[in-house]
Amino acid sequence: MSDRIEPQPRIMEIKLYKGGASKIDGINDVVKLSSNENPYGPGEGAREAYLRAGHDLHRYPPTDHSGLRQALAQEYALDPDRIICGVGSDEILTLLAQAFAGPGDEVIYTEHGFTLYPIIANIVGATPVKVQEHERVVDVDAILAACNDKTRLVYVANPNNPTGTMIGANEVARLADSLPPQAILVLDGAYAEYVEGYDGGAALVEARQNVVMTRTLSKIYGLGGLRIGWGYGPAAIVDVLNRVRQPFNLSNTQLMVAEAAVKDTAHVIKSRENNTRLRAWLAEALAEHGVPSDTSCANFILARFGSEDEAAACDAYLKSQGLIVRLVSDYGLGRCLRITVGDESACRRVAHAIGQFKGGAR
Ligand code: PMP
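Numbers 573 to 934, taken from my numbering, label the letters of the sequence shown in order.
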């Protein structure tokens, strides 16, 4: 780049988001437990749709996503006109900032919240404001204390990544009701389907004008590689977001597979059941090895070690054993490893390796 060509001053302050690697040099039998993916992948319906897709490669996809929105509306009992679909929920989270925040505005996120939130705020030139949590749980009072007349967006993941903790519906409603009038509460429900009976905040969206819920097909639907997410909000907000998004943001293949996946409720139920069972097993196995974790509502657990050095050493040991987990120092949790709940053999393997590590095998 010539020295006369310069990005916007704030851009070079943005940290590069680093996705999880899936390979380790010199090891063939690698298990990746670092990106909260569904270990069983997508269901049969989605796999078949993927194989059928690809006939209309010369045709542009529809811009209104009506088939997918109808399927989502049907499965989740929502109004299709208030649904917006995007390239992962990342896109919906980003569109919200592009449309509603800019220089001089503030965007609130929580201490151990998803690292994309401050990145998004910086991209649009707004000021990211980090709010402390209370023992790894989102603190509504602390968020409200940080709000002012510049606050435009408040991002809260419920369940939260990487803590796995959740706040109750009453607390979420209290937050929505007490925000300044110009602020939107963005309820990030990437892990909502892992919580039996939880609507991800849909009822709150129906009842309020200042709440948007975001969801994804990357987690329980097992489609992280295809990049599909969606949002649900007041009609006026969804209208604004549709003006900002790229008209052809989702390909024909994405739309076809997503529609089939959403209709495959059996796969969601089975994945949730396996996750609930193996998450409890894994948490208990680690506790027996002297590694505690908070009760997780999602598809990962946050394993706590005695020190940052110990967590880093365990991360390295697991890697030497072909196990990729996530050291979450960039989330302000350097003493912790976030471990995705894999299938049964992956859970046994990671628990065994942590037992060896704690027993002195380093
Ligand atoms: N929100 C949270 C809390 C997440 O953990 C993730 C994925 N890591 C996302 C949103 C984004 O997911 P996607 O863009 O794949 O839908």
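Cβ coordinates follow ideal geometry from the N, Cα and C atoms, glycine included.
Around the C-beta of ILE841, fewer than 16 other C-beta atoms lie within 10 Å, and the residue is accordingly described as exposed. For GLU678, the enclosing beta strand (DSSP E) covers residues 678-682.
Every residue whose beta carbon comes nearer than 5 Å to a heavy atom of the ligand PMP appears here in chain order: GLY660, SER661, ASP662, PHE686, ALA729, ASN733, ASP760, ALA762, THR788, SER790 and GLY801. Nearest to GLU705 by alpha-carbon distance, out of GLU683, VAL726 and ILE691, is GLU683. Cβ contact annotation for GLY797 (same chain, cutoff 6 Å, sequence separation greater than five): none. For ARG849, the number of other beta carbons within 10 angstroms of its own is below 16, and it is reported as exposed. Membership of ILE691 in the alpha helix (DSSP H) is indicated by the continuous run 688-695. Inter-segment contact for the stretch 751-771 and the stretch 635-642 is absent: fewer than three beta-carbon pairs are separated by less than 8 Å. Counting only the Cα atoms, VAL712 lies some 20 Å from THR699. When secondary structure is reduced to three states using DSSP, HIS839 falls in the helix class. The C-alpha of ASP771 lies about 33 Å from the C-alpha of GLY626. Distance check between ALA717 and each of PHE686, ASP836, VAL709 and SER750 places SER750 closest, using alpha-carbon atoms only.
Within the same chain, LEU858, HIS861, VAL863 and CYS886 come within 7 Å of ILE926 by CB-CB distance, once the 5 residues on both sides are set aside. With a minimum length of 3 residues, the unbroken runs of beta strand (DSSP E) contained wholly in the stretch 632-670 fall at 655-658. Spatial neighbours of ILE664 in its own chain (CB-CB distance under 6 Å, excluding positions within 5 residues in sequence) are listed in chain order as GLY658, THR786, GLY801 and GLY803.
Around the beta carbon of THR837, a 10 Å sphere encloses fewer than 16 other beta carbons of the protein chains shown; the residue is thus reported as exposed. In the three-state reduction of the DSSP assignment, GLY927 falls in the helix class.
By the beta-carbon neighbour count (other beta carbons within 10 angstroms, threshold 16), MET573 is exposed. When rounded, the separation of the alpha-carbon atoms in SER843 and ASP651 is 26 Å.
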